[in-house]
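Residue numbers (this note's numbering), protein chains in the order written: chain A, 13 to 445; chain B, 13 to 445. Glycine residues also receive a C-beta, built at the ideal position from the N, C-alpha and C atoms. It should be emphasised that the depicted structure is a prediction, and the values quoted were computed from it without experimental measurement.
2 protein chains.
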Amino acid sequence: MNSRSPAPGTTMAADEIARVMSDIGGAARAAAPRLALSTGAERNAALLAAARALRERRSGILEANARDMRAAQDRNLTAALLDRLRLDDRRVEAMARGLEEIAALADPLGTVSAEWTRPNGLHIQRVRVPLGVIGIIYESRPNVTADAGALCLKSGNPVILRGGSESRESSAAIHECLLAGLEAAGLPAAAIQLVPTADRAAVGQMLSGMTGLIDVVVPRGGRSLVERVQAEARVPVIGHLEGNCHVYVDRDADLAMARSIVLNAKMRRTGICGAAETLLVDRGCIATHLGPLVADLIAAGCEVRGDADVQRVDPRVRPATEEDWRTEYLDAVIAVRVVAGVDEAIEHIGRYGSAHTESIVTRNARTADRFLGRVDSAIVLHNASTQFADGGEFGMGAEIGISTDRFHARGPVGVEQLTSYKYVVRGSGQVRP
Amino acid sequence: MNSRSPAPGTTMAADEIARVMSDIGGAARAAAPRLALSTGAERNAALLAAARALRERRSGILEANARDMRAAQDRNLTAALLDRLRLDDRRVEAMARGLEEIAALADPLGTVSAEWTRPNGLHIQRVRVPLGVIGIIYESRPNVTADAGALCLKSGNPVILRGGSESRESSAAIHECLLAGLEAAGLPAAAIQLVPTADRAAVGQMLSGMTGLIDVVVPRGGRSLVERVQAEARVPVIGHLEGNCHVYVDRDADLAMARSIVLNAKMRRTGICGAAETLLVDRGCIATHLGPLVADLIAAGCEVRGDADVQRVDPRVRPATEEDWRTEYLDAVIAVRVVAGVDEAIEHIGRYGSAHTESIVTRNARTADRFLGRVDSAIVLHNASTQFADGGEFGMGAEIGISTDRFHARGPVGVEQLTSYKYVVRGSGQVRP
Chain A
13 MNSRSPAPGT TMAADEIARV MSDIGGAARA AAPRLALSTG AERNAALLAA
63 ARALRERRSG ILEANARDMR AAQDRNLTAA LLDRLRLDDR RVEAMARGLE
113 EIAALADPLG TVSAEWTRPN GLHIQRVRVP LGVIGIIYES RPNVTADAGA
163 LCLKSGNPVI LRGGSESRES SAAIHECLLA GLEAAGLPAA AIQLVPTADR
213 AAVGQMLSGM TGLIDVVVPR GGRSLVERVQ AEARVPVIGH LEGNCHVYVD
263 RDADLAMARS IVLNAKMRRT GICGAAETLL VDRGCIATHL GPLVADLIAA
313 GCEVRGDADV QRVDPRVRPA TEEDWRTEYL DAVIAVRVVA GVDEAIEHIG
363 RYGSAHTESI VTRNARTADR FLGRVDSAIV LHNASTQFAD GGEFGMGAEI
413 GISTDRFHAR GPVGVEQLTS YKYVVRGSGQ VRP
Chain B
13 MNSRSPAPGT TMAADEIARV MSDIGGAARA AAPRLALSTG AERNAALLAA
63 ARALRERRSG ILEANARDMR AAQDRNLTAA LLDRLRLDDR RVEAMARGLE
113 EIAALADPLG TVSAEWTRPN GLHIQRVRVP LGVIGIIYES RPNVTADAGA
163 LCLKSGNPVI LRGGSESRES SAAIHECLLA GLEAAGLPAA AIQLVPTADR
213 AAVGQMLSGM TGLIDVVVPR GGRSLVERVQ AEARVPVIGH LEGNCHVYVD
263 RDADLAMARS IVLNAKMRRT GICGAAETLL VDRGCIATHL GPLVADLIAA
313 GCEVRGDADV QRVDPRVRPA TEEDWRTEYL DAVIAVRVVA GVDEAIEHIG
363 RYGSAHTESI VTRNARTADR FLGRVDSAIV LHNASTQFAD GGEFGMGAEI
413 GISTDRFHAR GPVGVEQLTS YKYVVRGSGQ VRP
């Protein structure tokens with residue numbers, strides 16, 4: 013962090029913020045070549061030393077978090093927000109283990125993703141290089157400071173972290189551990205910088221005032237943050253829109269499998285982006301499948317909102333409105349609709365979905381292929397829960413989120429998606445005819 | 013093209029332009045699923061039929077071009093611009109052959125770029141899909157209408173083409189041939205649309221007024237266009253900045269090879285983005301190498317601007333200023349500087365270059381590896397001419413340009429770079445623990 017930066021939380025004037033952010037961006041840019049040329053061993057040493065520091069400084073981190081929690085309680089923040097903000101021994105240990113897991117991933121840099129030789133003898137390699145300076149804008153969860161900082165470091169990218177004001181003391185304490193790791197490995201402190209002000213003007217600077225200094229911004233937060241980013245950003249964005257995910261139970265679905273998948277997709281964890289929000293059931297199997305599916309959900313504590321057909325199956329089903337088809341509840345609520353078959357399911361998903369993750373349950377391979385081919389979402393599954401939408405579950409290691417963009421990175425954004433590439437061409441004197 | 017669109021060149025009010033562009037974007041968006049699900053055979057049939065139409069309608073195209081040329085002459089456009097605008101039998105034939113070559117490329121869609129099976133049995137495939145609706149903003153060369161339209165069609169992306177006002181009659185005639193190809197193949201006409209107005213407000217609409225309708229914009233033009241796009245765009249951009257390309261002749265360079273590469277890199281064609289603009293010569297070989305390199309360039313008709321060391325070698329060398337190191341001449345002019353060795357060359361390129369294409373000439377493998385590893389450009393070459401910076405020369409087929417971005421696509425942008433991907437996951441009832 014820039015030595016002239018004031019302490020976290022300090023109020024600043026607009027021109028002061030612009031100056032501080034410009035200094036931070038300049039320091040990040042200056043650190044980029046050193047980081048790009050660092051060895052995997054150096055970056056891993058920094059990650060492991062940071063993990064050790066997290067464990068050693070646990071009590072200090074928890075004290076900082078207690079100050080954040082008191083301030084949050086004074087501001088009457090919601091219980092859900094307080095839970096996201098809260099750290100305890102287990103969560104600090106999980107952060108440390110997360111850094112160790114990222115250290116254990118293969119080095120994404122320098123790998124040759126393609127190579128070929130031209131008829132004229134030119135040998136061409138496409139080699140992975142860092143993406144550049146990454147800006148991460150997130151909300152209350154302080155563990156994002158560790159996760160996002162570590163993923164960017166692993167992929168050789170200087171990162172500028174701008175966390176939520178609620179978690180500023182916790183994030184600062186975690187950031188100190190990351191800095192200790194960088195120092196232990198002899199890497200520049202500017203590799204991982206934390207924005208020292210909670211002022212929203214700093215976000216504006218990252219989105220539009222630092223072109224040439226920030227190469228890409230990653231918003232991690234709710235719809236309002238993502239929408240602000242998309243409206244204001246003058247730099248490329250890896251966007252994480254909402255996950256209005258669907259499960260379609262086809263007439264050829266195995267009932268036991270459908271019950272298991274629907275219950276897991278909705279209720280395993282309701283607050284993650286891969287949680288199912290709408291269940292579509294084929295009219296061809298409502299006599300056998302719809303009742304048990306709805307009864308399972310209600311028995312598990314889920315509120316079910318349905319169309320007329322679904323309401324007929326169970327008196328506890330409330331009426332669904334047009335708005336329900338568009339809603340990402342992130343809660344124990346599901347919208348259920350009966351459709352005429354796979355094509356109406358595809359059409360419904362195209363109209364109301366957010367192109368995140370959708371699943372079909374069927375034993376019919378042709379119906380499955382139709383769904384997998386025609387549903388235009390980042391992740392489409394056959395006979396599996398939407399809750400597998402996760403970089404770890406994909407075997408990609410930790411992730412910075414699930415991208416619903418089509419540009420650059422789609423689906424889980426892990427270390428590989430935080431890289432770019434260059435072409436290395438070796439010749440023996442070739443000139444172009 | 014939308015049936016309510018007025019004829020090319022018609023003047024429109026701002027709200028009329030917004031309405032027309034919104035109609036065009038809506039039609040492109042609506043065409044996307046049909047195009048994404050089209051077969052490679054259908055898309056190739058459209059390309060081949062368009063090539064036939066270009067040949068059959070050649071005289072009409074040349075007449076339209078003659079009208080554009082007369083208007084351009086009346087407006088006293090430069091000779092270089094007139095040359096870019098001019099079509100003749102050979103150029104129309106080259107366009108037709110270009111479409112046939114694009115048809116002959118492998119289908120980029122549906123290919124599996126990675127696949128693996130998880131321990132829980134989930135089988136994951138990363139499958140190429142179209143990128144989305146592409147907007148192409150270009151200047152006077154009418155052949156871009158055919159090339160860009162064909163590349164987007166090949167990759168399954170609806171495209172909105174906005175050509176320069178100078179070439180509007182030529183582009184409209186070429187566009188009619190593309191439409192004939194689409195019709196012959198049974199593909200929607202909205203797959204390739206031409207903006208029917210030369211008003212610059214249409215460009216503004218594409219950059220910021222059509223989010224949700226356009227997924228990515230590709231500017232093909234000079235610095236002012238690229239800068240306008242980068243300043244205004246609210247949609248992702250595949251940017252083509254200038255190519256301030258360098259050749260570094262190392263102390264361990266073979267002299268004959270260095271002479272051949274430098275001459276080719278600068279003089280084969282001076283107007284392309286891969287043309288060398290600055291020559292860096294290692295002080296360790298100026299006694300032997302600098303004189304012949306400079307003499308060759310001057311003999312070939314190139315103006316040489318150099319630092320004091322270079323001026324000393326030949327009285328015809330003019331003094332280079334700081335501005336020369338930053339300049340993309342796109343002409344028979346070169347800046348020449350003596351550097352202390354490979355590290356100073358790398359530093360010079362980092363400071364003044366545009367991260368496009370740079371080449372080192374040396375017999376020393378270690379020096380070459382240092383240069384290739386440390387120069388952060390889209391393309392780095394060892395013992396080969398910078399003029400190989402070209403999708404065709406890379407074996408990627410036709411290209412839409414060379415990207416100097418780090419995000420999504422870097423280097424030549426061919427059909428593969430115009431795709432995104434999705435994850436197709438096949439299970440047997442897996443739920444997440």
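- Chain A has no Cβ within less than 7 Å of the Cβ of lysine 166 (chain B).
- Of the residues A:Gly122, A:Tyr433 and A:Ala106, the one whose Cα lies closest to the Cα of glycine 52 (chain A) is A:Gly122.
- Under a 10 Å Cβ-count criterion, serine 236 (chain A) is classified as exposed, with fewer than 16 other Cβ atoms of the shown protein chains found around its own Cβ.
- Beyond the five residues adjoining it in sequence on each side, glutamine 442 (chain A) comes within less than 8 Å, by CB distance, of Asn132, Gly133 and Leu134 in the same chain, given in chain order.
- Identification of chain B residues near isoleucine 412 (chain A) by a Cβ-Cβ cut-off of 8 Å yields none; the smallest Cβ-Cβ distance measures about 15 Å.
- In this structure the segment 104–117 of chain B does not lie against the segment 216–233 of chain B, because fewer than three pairs of beta carbons, one per stretch, are closer than 8 Å.
- Taking 7 Å as the threshold, the shortest C-beta distance from glycine 216 (chain B) to chain A does not fall below it.
- Measuring C-alpha to C-alpha distances from arginine 271 (chain A) to each of A:Glu244, A:Ser125, A:Ala311 and A:Ala202 identifies A:Ala311 as the nearest.
- In this structure, DSSP gives cysteine 314 (chain A) a state outside helix and strand, which the three-state scheme calls coil.
- Closer than 7 Å to the CB of phenylalanine 383 (chain A) there is not a single CB belonging to chain B.
- The beta carbon of histidine 394 (chain A) sits closer than 7 Å to some beta carbon of chain B.
- Threonine 129 (chain B) and glycine 407 (chain A) have their C-alpha atoms spaced approximately 9 Å apart.
- As a beta-bridge residue in DSSP terms, cysteine 257 (chain B) pairs with B:Ala288.
- Under the DSSP assignment, serine 371 (chain B) falls in the beta strand (DSSP E) whose first and last residues are 369–373.
- Per DSSP, the unbroken alpha helix (DSSP H) holding glutamine 323 (chain B) starts and ends at 320–325.
- For methionine 269 (chain A), a Cβ of chain B is located within less than 7 Å of the residue's own Cβ.
- Of all residues in the segment 396–407 of chain B, those with a C-beta nearer than 7 Å to a C-beta of chain A are Ala396, Ser397, Gln399, Phe400, Glu405, Phe406 and Gly407, reading in chain order.
- For the segment 254–286 of chain B, residues whose beta-carbon sits nearer than 7 Å to a beta-carbon of chain A comprise Met269, Ser272, Ile273, Asn276 and Arg280.
- The alpha carbon of glutamate 289 (chain A) has as its nearest neighbour, out of A:Ala214, A:His368, A:Gly221 and A:Ser50, the alpha carbon of A:His368.
- Inter-residue distance for leucine 94 (chain A) and glutamate 75 (chain A) is about 15 Å (C-alpha atoms, whole angstroms).
- Residues of the segment 107–120 of chain B whose Cβ lies closer than 9 Å to any Cβ of chain A: none.
- Taking C-beta separations shorter than 8 Å and ignoring five residues to either side along the sequence, the partners of glycine 251 (chain B) in its chain run Pro231, Val238, Val241, Gln242, Ser415, Thr416 and Asp417, following chain order.
- Residue-level contact by beta carbon fails for histidine 368 (chain A) and chain B, as no gap is shorter than 7 Å.
- Counting only residues of its own chain and dropping the five nearest sequence neighbours on each side, glutamate 244 (chain A) has a CB closer than 7 Å to the CB of Gly216, Leu219 and Ser220.
- Shortest Cα-Cα distance from isoleucine 391 (chain B) to any of A:Ser71, A:Glu181 and A:Val437 involves A:Val437.
- Residue burial is scored here from C-beta neighbours: valine 124 (chain B) has fewer than 16 other C-beta atoms within 10 angstroms and is therefore classed as exposed.
- Aspartate 381 (chain B) and arginine 246 (chain B) have their alpha carbons spaced roughly 39 Å apart.
- Shortest Cα-Cα distance from alanine 116 (chain A) to any of A:Cys189, A:Gly439, A:Ala410 and A:Arg422 involves A:Ala410.
- Within the same chain, Cβ atoms closer than 8 Å to the Cβ of alanine 265 (chain A) are found at Asp294, Cys297, His301, Val373, Thr374 and Arg375, the five residues on either side in sequence being excluded.
- Against chain B, a Cβ distance below 8 Å from leucine 49 (chain A) picks out Gly385 and Arg386.
- Taken through DSSP and simplified to helix, strand or coil, proline 45 (chain B) comes out as helix.
- By the beta-carbon neighbour count (other beta carbons within 10 angstroms, threshold 16), threonine 398 (chain A) is buried.
- Counting every other CB atom within 10 Å of its CB across the protein chains shown gives threonine 209 (chain A) a total of 16 or more, marking it as buried.
- Beyond the five residues adjoining it in sequence on each side, glycine 365 (chain A) comes within less than 7 Å, by CB distance, of Asn256, His258 and Ser389 in the same chain, given in chain order.
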